[in-house]
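Engineer:
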Amino acid sequence: MPVLVVDARSTDRTVAFARSAGAEVVEREWTDFVDARRFALARVRTPWVLMIDADEALDDVLREAIVGAPEDVDGYRVRRTTYFCGRQLRQWRNEPLVRLFRAERGILQAHPAAGGRAALHESWACDGIVGELAGTLLHFSYPDYASYRAKYARYTQTESTGLEVGTAGLLAAWAKSLFVQLPRLLLLKGALLDGPRGAYVAYKSATYPAVVAWKARRR
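Residue 237 in this note's numbering is what sits at position 189 of the sequence shown, and the numbering runs on without skipping anything.
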């Protein structure tokens, strides 16, 4: 199965490992998430595409499901579970994502949380019939609190660029974050059952749009 790796001038041994494993590697300067993924898709020469990030992995069930997937649809949805400090969190479990699709059917769009124009929180869609595969896409994005805080700070700053927010909009964002999103994550999504880590991530996730609005307003 051909593997294409798009590397944004990484400084570790990603390129060497990928090439030693037989992957085709394309190195390019970093632009943004949407542009990088569209760049990669444009260079795919196979009928089907499985798009995953460097911090994601397939469990055995999903791997077998992909190999045996019927080709009577145009794409497949997988379920992703994200880990925080080495543990699964209930609020980040079984997230449905389109990741396997016919190359000509893939559509990528950004979904900035605060409603701006930032090329962040992108997701794939498929122009056609979409099925679902068994198994789990494992997402090891946050090995510790420091990595989570660094990414949070970087993303909220990026989203705030070019966003115009008035005082009323800022207050509304904080009200929705604290009185709608936070209770939903803590209670309905089960974050409280994950203890202090779950509560911490729930609070940060719920207030993310408000922090973006605050940074935009502060400029």
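Backbone N, C-alpha and C fix where the C-beta goes; we use that ideal spot for every residue, glycine too. None of the values given here were measured: they were computed from a predicted structure.
Quickly, what does DSSP pair Gly176 with across the bridge? List them, please.
Structural biologist: Partner(s): none; Gly176 has no beta bridge.
Engineer: Glu207: which of Gly238, Cys133, Gly163 sits nearest, CA to CA?
Structural biologist: It is Gly163.
Engineer: Specify the secondary structure class of Ile100 as computed by DSSP and reduced to three states.
Structural biologist: Ile100: coil per DSSP, three-state reduction.
Engineer: Would you list the residues sitting across from Ala105 in a DSSP beta bridge?
Structural biologist: Leu186, per the DSSP bridge assignment.
Engineer: Once the 5 residues before and after Gln139 are set aside, which same chain residues still bring their CB inside 8 Å of it?
Structural biologist: Excluding residues within five positions, the ones whose Cβ falls inside 8 Å are Leu233, Lys237, Gly238, Ala239, Asp242, Gly246, Val249, Ala250, Ser253.
Engineer: Taking the continuous alpha helix (DSSP H) assigned at Gly123, which residues delimit it?
Structural biologist: From DSSP, Gly123 is part of no alpha helix (DSSP H) but of the beta strand (DSSP E) over 123-132.
Engineer: Measure the beta-carbon distance from Ala161 to Pro257 and round it to whole angstroms, keeping in mind my assumption that it falls under 8 Å.
Structural biologist: Between Pro257 and Ala161 the Cβ distance is about 5 Å, and since that is below 8 Å, they are a contact.
Engineer: Taking Gln157 as part of the alpha helix (DSSP H), name the residues at either end of that continuous run.
Structural biologist: Where Gln157 is concerned, there is no enclosing alpha helix (DSSP H), although the beta strand (DSSP E) it sits in stretches over 154-157.
Engineer: Throw me the rounded Cβ distance for the Leu52 and Leu110 pair, which I believe falls under 8 Å.
Structural biologist: Between Leu110 and Leu52 the Cβ distance is about 19 Å, and since that is not below 8 Å, they are no contact.
Engineer: So who's on the other strand from Val53, going by DSSP bridges?
Structural biologist: The partner list for Val53 (beta bridge, DSSP) reads Val73.
Engineer: CA-CA distance, Arg125 and His187?
Structural biologist: When rounded, the distance between both Cα atoms is 15 Å.
Engineer: Is it true that the CB of Trp172 sits closer than 8 Å to the CB of Gly183?
Structural biologist: Not in contact: Gly183 and Trp172 (Cβ atoms no closer than 8 Å).
Engineer: Tell me, please, whether the segment 96-108 touches the segment 140-150 by the rule of three or more beta-carbon pairs shorter than 8 Å.
Structural biologist: Because the criterion of three Cβ pairs below 8 Å is met, the segment 96-108 and the segment 140-150 touch.
Engineer: Classify Gly214: buried if its beta carbon has 16 or more other beta carbons within 10 angstroms, exposed otherwise.
Structural biologist: Exposed, by the Cβ-count rule.
Engineer: Taking the straight line between their C-alpha atoms, what separation do you get for Gln229 and Leu218?
Structural biologist: Their Cα atoms are separated by approximately 15 Å.
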